[in-house]
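Residue numbers (this note's numbering), protein chains in the order written: chain A, 389 to 495; chain E, 6 to 122. Taking it in order: structure first as structure tokens, then the write-up.
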Amino acid sequence: EIVMTQSPATLSVSLGERATLSCRASQNINNNLAWYQQKPGQAPRLLIYGTSTRASGVPARFSVSGSGTEFTLTISSLQSEDSAVYFCQHYHKWPPAFGQGTRVEMK
Amino acid sequence: QVQLVQSGAEVKKPGASVKVSCQASGLTSDSLYWVRQAPGQGLEWMGIINPIVGSTFYAQKFKDRFTMTRDASTTTAYMELSSLRSDDTATYYCAASTTTVPYFDYWGLGTLVTVSS
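This is the structure:
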């Protein structure tokens, strides 16, 4: 099974600054990666899939780079509503698996 | 528009079973997924079910105590977890993809299952 590892566990960023979240796969997953945002008490929300395709309604300040085993989610200018936990998930083969999440908080 | 409506919260004693439902509408693919999240923890994919024909595929970890079924007439999927333990306390989500690829565009609100004596 492919293991997904996210870092850091918590990221503190000032309003308007850039947030950079990392996700590593234990083996090559090509571009078969999705990112989710989860706010307290809510279900996860799909942000980006296929490495760089934003889901409907997702602001352009969210972008993803990388391929193979190393990926980065960037929030270019952090807004207050971006405080949440972010999960990556591979769907390269069965079973799909999630990383343990990165909590983004306002500094 | 896909909608996933899940049943309400449950409180169960250790050793009991719980059954959670997920009524789907507007599906554009033939798969529903179950994902669980323990309090303050990450997400675990549990399994996939075709709500029309009933075919299933389970994550290895959940093969023993976890059963997925469906009612095709109402497009409702069910998950049942037996021999409950305290570490089964979690929110159980059903989720759906608009494609055949298992990333999840749509999520139910989740069903909190609390296992406590």
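Think of the CB as a built atom: it goes at the ideal place given N, C-alpha and C, for glycine as much as any other residue. Computed from a predicted structure; not experimentally measured.
query: Between R442(A) and the rest of its own chain, which residues show a CB-CB distance below 6 Å, the 5 nearest in sequence each way excluded?; result: I436
query: Assuming contact is defined by CB atoms lying nearer than 9 Å, are V40(E) and C99(E) in contact in what I supplied?; result: yes
query: Can you list, in chain order, the residues of the segment 464-481 of chain A whose Cβ is nearer than 8 Å to any Cβ on chain E?; result: F475, Q477, Y479
query: List in chain order: all unbroken alpha helix (DSSP H) runs of 4+ residues lying wholly within the segment 40-67 of chain E.; result: none
query: Within its chain, find whatever has a CB closer than 7 Å to the CB of Q28(E); leave out the 5 residues flanking it on each side and keep chain order.; result: V10, T79, T80, T81
query: So that I know if they touch, is there some Cβ in chain A lying closer than 9 Å to that of T28(E)?; result: Checking the displayed sequence, the identity of residue 28(E) turns out to be Gln instead of Thr. Not one chain A Cβ lies under 9 Å of Q28(E).
query: Can you name, in chain order, every residue of its own chain whose Cβ lies under 7 Å from the Cβ of L86(E), other than the five neighbours on each side?; result: S22, V23, R70, F71, D93
query: Can you find the residues in the same chain that come closer than 8 Å, C-beta to C-beta, to A485(A), ignoring five residues on each side of it along the sequence?; result: E389, I390, V391, M392, Q477, H478
query: At which residues does the beta strand (DSSP E) containing S451(A) begin and terminate?; result: 450-455
query: Check the Cβ of F109(E) against every Cβ in chain A and list those closer than 7 Å, keeping chain order.; result: L434
query: Give me, in chain order, the residues of the same chain whose beta-carbon lies closer than 7 Å to that of A413(A); leave out the 5 immediate sequence neighbours on both sides.; result: I390, M392, T457, H478
query: Can you grab the Cα-Cα spacing for the pair K30(E) / V118(E), in whole Å?; result: One detail in the question is off: residue 30(E) reads as Ser in this sequence, not Lys. Straight-line Cα distance between these residues: approximately 24 Å.
query: Does the beta-carbon of P428(A) have 16 or more other beta-carbons within 10 angstroms, so that it is buried, or is it exposed?; result: exposed
query: By Cβ distance, which residues of its chain are closer than 8 Å to Y108(E), with the 5 residues on each side in sequence left out?; result: S102
query: Quick one: is Y98(E) near chain A, going by C-beta distance under 9 Å?; result: yes
query: From W4(E) to M73(E), what does the alpha carbon distance come to, in whole angstroms?; result: The requested residue 4(E) does not occur in the structure, where chain E is confined to residues 6 to 122.
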